[in-house]
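Residue numbers (this note's numbering), protein chains in the order written: chain S, 1 to 318; chain E, 319 to 636; chain W, 637 to 954.
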């Protein structure tokens with residue numbers, strides 16, 4: 001085996017070096033300059049366990065030195081943001097000029113640390129929404145410890161704060177970690193009001209320019225996405241515009257609904273039914289549902305016939 | 319950086335302590351009393367590797383001392399259940415009184431250990447259902463090692479046993495671990511018969527009060543959920559009732575179907591088509607399908623016209 | 637507790653040994669002969685970090701000895717493939733005979749190592765497709781570091797190469813790792829052309845016999861699956877046939893679409909709308925969409941009435 005590999009290696013190595021360098025040029029050229037996915041995830045998990053001791057780690061860190069832990073996290077994150085700004089500068093001509101990278105990183109993290117109390121008070125309203133929104137919820141701690149929708153929102157509130165400070169890459173790596181863990185894909189750019197609850201959540205997609213009001217509740221498989229064929233006269237993708245829907249206060253969107261387009265507004269207090277596919281706006285108080293299909297039954301004569309529903313009294317117990 | 323953080327810290331710390339204590343009061347007050355998510359997951363993974371040596375870990379533990387491993391797991395899990403019962407007592411006035419917590423934990427784990435042989439014999443039928451239900455399955459070992467639907471069911475059979483013993487939090491943390499790993503969200507409360515197979519599984523949601531018969535097969539994206547607007551005359555959420563569907567024996571439910579409501583029964587031997595949205599019962603032997611859409615084609619003249627399908631003979635090879 | 641467990645143990649142990657041995661017989665009989673899920677995942681992650689240094693690990697490994705790392709990975713993977721071939725031989729009478737297992741493992745890994753440059757050049761086109769296909773993408777590095785669809789395709793190109801060498805189990809364990817991490821379930825058998833992009837991706841299922849052309853773009857929740865009731869005259873599942881769709885070049889398939897059947901061809905340059913459920917072929921240039929539902933509004937008088945849409949001018953700002 002070893003011999004065969006040895007024979008193959010030189011050509012493969014050359015190809016690899018060539019291939020790799022064209023993909024992650026900068027990280028290769030500048031050694032360990034760029035932070036890896038895992039490093040970002042570690043800082044994120046670290047911050048979350050500072051915010052909610054004993055919920056996600058093996059032990060309750062409340063005995064530890066909180067300020068020390070917070071400071072360590074902040075210095076770590078600042079270093080990663082610094083590298084991330086530098087990397088961005090190296091691929092596009094940074095308008096602010098590279099000297100600002102260190103300063104911008106410090107400011108981004110300071111802004112996040114300052115915002116933590118405000119973030120926590122919004123999250124408390126999210127937790128209450130989750131607890132009250134799900135009949136199966138037994139306690140707030142259960143919600144914080146085990147609800148994927150709650151975890152995704154915790155990560156989003158942190159990543160969104162870094163996104164607003166224009167930190168490259170890191171907010172997106174954080175949100176993709178939450179996506180991987182929960183199946184809920186919230187772009188760090190989305191603006192989401194308090195009291196937000198995603199139940200179950202697998203398959204949820206919330207796009208970069210979404211604007212969501214207060215006390216909105218959505219279920220698994222809901223997409224708030226872009227209409228991909230929004231192109232200009234020359235047929236180029238239009239960038240930097242509102243690509244994703246507005247969802248106003250107190251809207252409920254049920255499993256599998258797909259709502260697309262930057263001109264689409266879901267009016268306050270509306271209810272969107274399961275599997276509905278919607279690319280235009282609906283006024284406040286709307287209820288949008290798909291027609292239910294007529295079921296068919298194979299009769300004794302082997303023929304198919306329609307049957308009027310419902311059959312809540314057909315008496316097939318279990 | 320350090321200086322800036324130092325300046326911010328006092329206020330932030332105060333806010334954090336205040337914020338945190340209102341969320342996870344008990345775990346903070348009682349130091350490491352509450353078990354973290356990760357600790358529960360470790361015991362779960364440990365039990366699974368005892369049940370299926372060599373399938374999920376790096377090595378086959380069959381050489382190890384099985385009874386020793388089992389005993390260690392049981393003592394560990396008992397400790398976690400004990401803390402979990404105590405935590406529950408501390409947030410609601412525990413009807414049984416706190417002295418029972420230790421005893422209830424011991425009983426819950428003993429019940430689980432006693433049930434392991436029965437659980438394994440049910441799981442064997444689940445494995446056979448997976449192997450026979452998927453033309454792509456090459457061996458039972460492949461099914462046990464790599465099928466997410468099988469992993470989710472293994473975890474469910476364990477968590478459901480603890481749920482029946484009324485252990486707080488832990489069953490839900492276990493099922494959410496499976497949810498995170500597989501995208502399959504089965505509430506530990508669901509009652510599921512033998513020979514159950516979930517293929518692919520991402521996005522599947524099975525609610526707390528679901529009752530599923532024998533040899534049921536479901537596909538990715540299927541929801542067996544509650545109709546959220548089940549409220550009483552005063553408009554309060556009705557609790558403690560049957561909120562989720564009954565699914566009888568030998569039913570097949572295809573990708574993306576959403577079946578809602580505690581009064582909804584899917585009769586035995588029925589087939590529910592992809593993306594169907596159903597909130598009423600159907601009798602045994604039903605086949606429920608959505609109408610297929612008519613495709614549109616842009617013709618040479620730039621106009622759209624409908625075309626009759628199917629076109630299995632339109633000859634566009636690949 | 638300990639006493640209770642001790643009392644239970646003998647019976648349980650007996651049952652466990654019996655139960656386990658019927659599930660993973662071989663791995664139990666042959667000690668650590670069979671590789672565990674985690675061992676396969678480690679080699680896979682190791683290979684990916686060799687291909688894309690600094691993207692997924694904590695540090696950039698480009699400083700390390702590339703050829704050494706590659707050789708270590710290859711020897712490791714060969715050992716796992718060897719055990720996997722042996723296991724397969726032990727459950728079915730291996731046509732080639734067990735002596736070939738070691739040789740077949742060496743050849744499979746050599747084929748993969750030789751193919752790495754070609755795989756990387758295809759992946760480069762996939763990365764470009766992702767970067768150009770998503771208005772939210774800020775850089776290629778962001779795409780490689782954080783896009784789940786890109787990660788799933790990286791793993792698929794590796795697993796598919798081992799699948800073509802008929803390595804048992806391992807390709808499937810690799811693809812299920814990607815499924816667990818991304819919610820994207822691509823069977824290692826699927827044949828997928830260059831420039832392939834899956835956006836968001838949670839809930840995507842691509843079956844074993846799918847054939848997908850160049851520059852195809854699909855969204856979350858898309859299923860390219862089998863029609864399960866394809867049975868022969870005696871009612872047995874038909875195996876070894878084309879069970880999954882053909883998708884030709886430049887097709888776009890939007891969120892939640894379900895396309896089933898081995899006789900189903902999606903003609904080149906077609907567009908399949910969200911939540912469409914399709915079991916027959918459509919010609920090139922087709923656009924297939926579901927009708928949008930008419931929304932209902934509760935009027936002041938408490939009655940429901942339909943309203944003509946769209947309401948992009950109903951003026952409900954946010």
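Using N, Cα and C, we set each Cβ at its ideal position, and we do this for glycine too.
Bear in mind the structure is a predicted one, so any value in this text is a computation, not a measurement.
Could you check the C-alpha separation between residue i and residue j for me, to the nearest Å?
{"i": "residue 686 of chain W", "j": "residue 785 of chain W", "result": "19 Å"}
{"i": "residue 689 of chain W", "j": "residue 501 of chain E", "result": "29 Å"}
{"i": "residue 359 of chain S", "j": "residue 67 of chain S", "result": "Nothing about residue 359 of chain S can be read from this structure; chain S reaches only from 1 to 318."}
{"i": "residue 709 of chain W", "j": "residue 5 of chain S", "result": "11 Å"}
{"i": "residue 840 of chain W", "j": "residue 908 of chain W", "result": "15 Å"}
{"i": "residue 146 of chain S", "j": "residue 427 of chain E", "result": "21 Å"}
{"i": "residue 851 of chain W", "j": "residue 790 of chain W", "result": "16 Å"}
{"i": "residue 104 of chain S", "j": "residue 916 of chain W", "result": "55 Å"}
{"i": "residue 256 of chain S", "j": "residue 223 of chain S", "result": "7 Å"}
{"i": "residue 648 of chain W", "j": "residue 478 of chain E", "result": "19 Å"}
{"i": "residue 580 of chain E", "j": "residue 564 of chain E", "result": "7 Å"}
{"i": "residue 9 of chain S", "j": "residue 801 of chain W", "result": "20 Å"}
{"i": "residue 577 of chain E", "j": "residue 227 of chain S", "result": "28 Å"}
{"i": "residue 408 of chain E", "j": "residue 217 of chain S", "result": "30 Å"}
{"i": "residue 886 of chain W", "j": "residue 855 of chain W", "result": "14 Å"}
{"i": "residue 192 of chain S", "j": "residue 186 of chain S", "result": "10 Å"}
{"i": "residue 605 of chain E", "j": "residue 436 of chain E", "result": "34 Å"}
Leaving aside the five residues before and after residue i along the sequence, list all residues of the same chain whose C-beta is less than 7 Å from its C-beta, in chain order.
{"i": "residue 122 of chain S", "result": "157 and 194"}
{"i": "residue 394 of chain E", "result": "361"}
{"i": "residue 455 of chain E", "result": "448, 449 and 461"}
{"i": "residue 716 of chain W", "result": "671, 675, 676, 679 and 806"}
{"i": "residue 738 of chain W", "result": "718"}
So what does DSSP say about residue i, is it helix, strand or coil?
{"i": "residue 445 of chain E", "result": "helix"}
{"i": "residue 484 of chain E", "result": "coil"}
{"i": "residue 830 of chain W", "result": "coil"}
{"i": "residue 386 of chain E", "result": "helix"}
{"i": "residue 272 of chain S", "result": "strand"}
{"i": "residue 715 of chain W", "result": "helix"}
{"i": "residue 532 of chain E", "result": "coil"}
{"i": "residue 599 of chain E", "result": "coil"}
{"i": "residue 543 of chain E", "result": "strand"}
{"i": "residue 583 of chain E", "result": "strand"}
{"i": "residue 787 of chain W", "result": "helix"}
{"i": "residue 676 of chain W", "result": "helix"}
{"i": "residue 185 of chain S", "result": "strand"}
{"i": "residue 923 of chain W", "result": "strand"}
{"i": "residue 350 of chain E", "result": "With a pLDDT of 40 at residue 350 of chain E, under the threshold of 50, the predicted position of this residue should be treated as unreliable, and no value is reported."}
{"i": "residue 776 of chain W", "result": "helix"}
{"i": "residue 119 of chain S", "result": "helix"}
{"i": "residue 332 of chain E", "result": "helix"}
{"i": "residue 645 of chain W", "result": "helix"}
{"i": "residue 559 of chain E", "result": "coil"}
{"i": "residue 838 of chain W", "result": "coil"}
Leaving out five residues on either side along the sequence, give the residues of the same chain with a beta carbon under 8 Å from the beta carbon of residue i.
{"i": "residue 603 of chain E", "result": "585, 586, 587 and 588"}
{"i": "residue 751 of chain W", "result": "797"}
Looking at the ligand MN, does it come within less than 7 Å of residue i, judged from the CB to the closest heavy atom?
{"i": "residue 543 of chain E", "result": "The ligand MN is not among the ligands present in this structure, which contains no ligands whatsoever."}
Apart from the five residues on each side of it in sequence, which residues of its chain come closer than 6 Å, Cβ to Cβ, to residue i?
{"i": "residue 177 of chain S", "result": "41"}
{"i": "residue 776 of chain W", "result": "763 and 767"}
{"i": "residue 179 of chain S", "result": "185"}
Closest Cβ-Cβ distance between residue i and chain B: below 8 Å?
{"i": "residue 778 of chain W", "result": "This model lacks chain B altogether; the protein chains it does include are S, E and W."}
Is the region 770–789 of chain W touching the region 832–851 of chain W, taking contact as three or more C-beta pairs under 8 Å?
yes
Can you give me, in chain order, the residues of the region 495–508 of chain E that have a beta carbon less than 7 Å from any beta carbon in chain S?
497, 498, 501, 503 and 505
Could you check whether the region 524–532 of chain E touches the region 558–567 of chain E, counting it as contact only if at least three pairs of C-beta atoms, one from each stretch, sit closer than 8 Å?
The region 558–567 of chain E and the region 524–532 of chain E touch, with three or more beta-carbon pairs separated by less than 8 Å.
Using a Cβ-Cβ cut-off of less than 7 Å, give me the residues of the region 825–855 of chain W that come near chain S, in sequence order.
Within the region 825–855 of chain W, contact with chain S at the beta-carbon level (separation under 7 Å) is assigned to 836, 838 and 839.
Could you run through the region 162–176 of chain S and flag, in chain order, every residue whose CB is less than 7 Å away from some CB of chain W?
Residues 168, 169, 172, 173 and 176.
To be precise: take each residue of the region 148–161 of chain S, compare its Cβ to all Cβ atoms of chain E, and keep it if any distance is under 7 Å. Which residues remain?
148
For the region 742–757 of chain W, list every residue whose C-beta sits within 8 Å of some C-beta in chain S, in sequence order.
So the close ones are 742, 745, 746, 749, 750, 752, 753, 756 and 757.
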